[in-house]
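Novice: One structure coming up, written as structure tokens, with questions to follow.
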Amino acid sequence: MTFLIRRKRARRDVLRGMLAGSAVTVALPFLDCDLNDSGTALAATGAQLPVRFGTWNWGMGRSPGSVEARTRTGAGIGFGAETQALKPYEKQLLYFDGYNLPLDGRSNFTHYTGWVANRTGSVPATTGDIPAPTLDLLVADQIGTGTRFKTIDVTSTGVPDQNYSARGSSSKSAAEVSPISLYTRLFGPEFVDPNKADFKPNPSVMARKSVLSAVLEDNRSYFKKVGAADQARLDEYFTSVRELESQLAIQLEKPPHNDACIVPKKPAELAAGASSVREIPQVLETHEIMANMLAMAVACNQTNVFNMVFSDVGGNIRRLGEAYTHHLLTHNETLDAKLGYQPSVFALNQQCMVGLATYLKIFSGIKEGAGTLLDNCLIFATTESNWARVHSIDSIPIMFAGSAGGRLKQGMHVAGSGDPVTRVGFTAMTVMGVKLEKWGTRSLETSKVITDVLV
383 MTFLIRRKRA RRDVLRGMLA GSAVTVALPF LDCDLNDSGT ALAATGAQLP VRFGTWNWGM
443 GRSPGSVEAR TRTGAGIGFG AETQALKPYE KQLLYFDGYN LPLDGRSNFT HYTGWVANRT
503 GSVPATTGDI PAPTLDLLVA DQIGTGTRFK TIDVTSTGVP DQNYSARGSS SKSAAEVSPI
563 SLYTRLFGPE FVDPNKADFK PNPSVMARKS VLSAVLEDNR SYFKKVGAAD QARLDEYFTS
623 VRELESQLAI QLEKPPHNDA CIVPKKPAEL AAGASSVREI PQVLETHEIM ANMLAMAVAC
683 NQTNVFNMVF SDVGGNIRRL GEAYTHHLLT HNETLDAKLG YQPSVFALNQ QCMVGLATYL
743 KIFSGIKEGA GTLLDNCLIF ATTESNWARV HSIDSIPIMF AGSAGGRLKQ GMHVAGSGDP
803 VTRVGFTAMT VMGVKLEKWG TRSLETSKVI TDVLV
């Protein structure tokens, strides 16, 4: 009989590269030999497995009664018919309700103010104004620098600017819209398969890194020639160049074997047309294909921060064969007096929750340590409105999926009692290790973590 003796690997084993003349190190994927016997922590130090952060967005809010109303925080979420697809994942979710979004005299720019304030902590002054970095980028600044991609942004809508990650008004991230383009980016020629025996650095990657290094060496001279405003723009630009060079350096080193990393098959071409209006079956299909690739990219340690847009805040999806989009239906469909909601809107909202359930199924289906990839994530799922029919932005529903590596309780409905919605985002960032004394501006400013959800 043969016994396998697990050999511990020193945590000093890291990927090494050079960034602007300085050595940088990148943590390796966690292998079985790194873990304790129960698979919950590192064998050498007892430190917990890494935690990743993601966002998931759907448009047009919810119908009245989609989730049981609560005035007190407690166990059980109370999913209704519209959200019933999430019932199997109730014990892996936190549902936040009853948090308000005070405007402090500013306008509610429909389908815009809600998502901006929710993700930046500040109410926008105009449509197009993004007054502060979105929370995913604040988290990425904390945990996203040691991977090939600082963030990965994906949308099922077919429109790249339908993404809700930005440093400011002029630096909104574009999202991947094509499954094949996403596959090429994640698993194409520049992907280094950790399970292949042979490894040769990609010459094109080496050349790109060399060019970037030269640019970085010369950047100081540019700062002496321009004014303060341009210096700020250059600083932002060169910061992104430094991050890119660090990511390229990772690709020049062979990563260790990783059993969790299984390169997916290249997806087939979808139906022609990347229209801004999509029928819900196409959205569901595109979303599932891209979610599988995104989850595997996370499992392969290509990123620690990721954003998925299922449907955009403009509501540009529709039911099969219908002319009205989700958005138009919220305004034009008659309210069913007996049901208390708009039936076609309800059906589309229901399909959005099917999409989220699919997303959770994919992440919870990848084993990691003693648990799953979802266990080691905090996925911030939200929308831009409460009831889209009247453009309400108080009580915007927000969900946390995953336990963030055991840092969060689960299976709870959290009642906000009118507190600012920024308490939810502030709690998420605090759990992810972002060190902020406070977050938000004016009435949205908060320094209070929601302690009821912390382990």
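Following the working numbering, the numbering of the sequence shown begins with 383 at its first residue and continues without gaps. Where is the CB? At the ideal position from N, CA and C, for every residue including glycine. Remember, it's a predicted structure, so these values are computed and weren't measured experimentally.
#1: Between the C-alpha atoms of Gly-456 and Asp-580, what's the straight-line distance to the nearest angstrom?
#2: Taking contact to mean 3 or more Cβ pairs, one atom from each stretch, closer than 8 Å, check whether the segment 491-507 and the segment 669-683 are in contact.
#3: Report the start-end ranges of each beta strand (DSSP E) in the segment 701-771 that is 3 residues or longer and not cut off at the edges.
#4: Considering only the beta carbon of each residue, do Lys-469 and Phe-461 sit closer than 7 Å?
#5: From the DSSP secondary-structure annotation, give me the bridge partner or partners of Ala-679.
#6: Pull up the distance between the alpha-carbon of Leu-755 and that of Ala-679, whole angstroms please.
#7: For Glu-819, tell me which candidate among Leu-826, Phe-808, Ser-825 has the shortest Cα-Cα distance.
#8: Helix, strand or coil for Tyr-546? Go by DSSP, reduced to three states.
#9: Output yes or no for whether 7 Å exceeds the beta carbon distance between Val-835 and Leu-790.
#10: Where does Thr-495 fall in DSSP's three states?
#11: Helix or strand or just coil, what does DSSP make of Arg-434?
#12: Ignore the nearest five residues each way along the sequence and tell me which others in Ser-448's own chain have a CB closer than 6 Å to its CB.
#13: What's the gap between the Cα of Thr-828 and the Cα of Ser-799?
#14: Go through its chain and collect everything with a Cβ distance to Asp-575's Cβ below 7 Å, but skip five positions before and after it.
#15: Beta-carbon within less than 8 Å of Asn-545's beta-carbon, same chain only, minus the 5 sequence neighbours each way: which residues are those?
#16: Does the beta-carbon of Glu-651 have 16 or more other beta-carbons within 10 angstroms, so that it is buried, or is it exposed?
#17: If we ignore side chains and look at the alpha-carbon of each, how far apart do Ala-797 and Met-442 end up?
#18: Taking Cys-682 as the reference, which of Phe-745, Leu-517, Ile-761, Asn-439 has the closest Cα?
#19: According to the neighbour-count rule (16 or more other Cβ atoms, all chains shown, within 10 Å of its Cβ), is Lys-830 buried or exposed?
#20: Just to confirm my understanding: we take Arg-434, look at its own chain, exclude 5 residues before and 5 after, and list those with CB closer than 6 Å. What are they?
#21: What is the DSSP secondary structure of Asp-612, reduced to helix, strand or coil?
#22: Nearest CA to the CA of Arg-824: which residue from Val-837, Val-803, Thr-516, Val-816?
#23: Rounded to a whole number of angstroms, what is the C-alpha to C-alpha distance between Ala-719 and Lys-743?
#24: How would you label Asp-757, buried or exposed, when you count the other beta carbons within 10 angstroms and need 16 or more for buried?
#25: Apart from the five residues just before and just after Met-794, which ones in its own chain have a Cβ nearer than 8 Å to its Cβ?
#26: Taking the beta strand (DSSP E) that Ala-796 falls in, what are its first and last residues?
#27: Give me the Cβ distance between Leu-345 and Ile-662, rounded to the nearest whole Å; I'm assuming they're in contact under 8 Å.
#28: So what does DSSP say about Arg-454, is it helix, strand or coil?
#29: Using the Cβ count rule (16 or more neighbours within 10 Å means buried), how would you classify Ala-705?
#30: From the DSSP output, which residues share a beta bridge with Val-536?
Specialist: Quick look at the numbers:
#1: 54 Å
#2: no
#3: 759-764
#4: yes
#5: Looking at the DSSP assignment, Ala-679 forms no beta bridge with any residue, so it has no partner.
#6: 11 Å
#7: Phe-808
#8: coil
#9: yes
#10: helix
#11: strand
#12: Gly-462, Glu-464, Thr-465
#13: 15 Å
#14: Val-645
#15: Asp-535, Thr-537, Lys-554, Ser-555, Ala-556, Ala-557, Asn-689, Val-691
#16: exposed
#17: 21 Å
#18: Phe-745
#19: exposed
#20: Val-680, Asn-686, Cys-759
#21: helix
#22: Val-803
#23: 35 Å
#24: buried
#25: Thr-455, Gly-456, Ala-457, Gly-458, Ile-459, Leu-476, Tyr-477, Asp-834, Val-835
#26: Correcting the residue identity first, residue 796 is Val in this sequence and not Ala. Taken as a continuous stretch (DSSP letters only), the beta strand (DSSP E) holding Val-796 covers 794-797.
#27: An answer regarding residue 345 cannot be provided, because it is not within the stretch 383 to 837 covered by the chain.
#28: coil
#29: exposed
#30: Glu-558, Met-690
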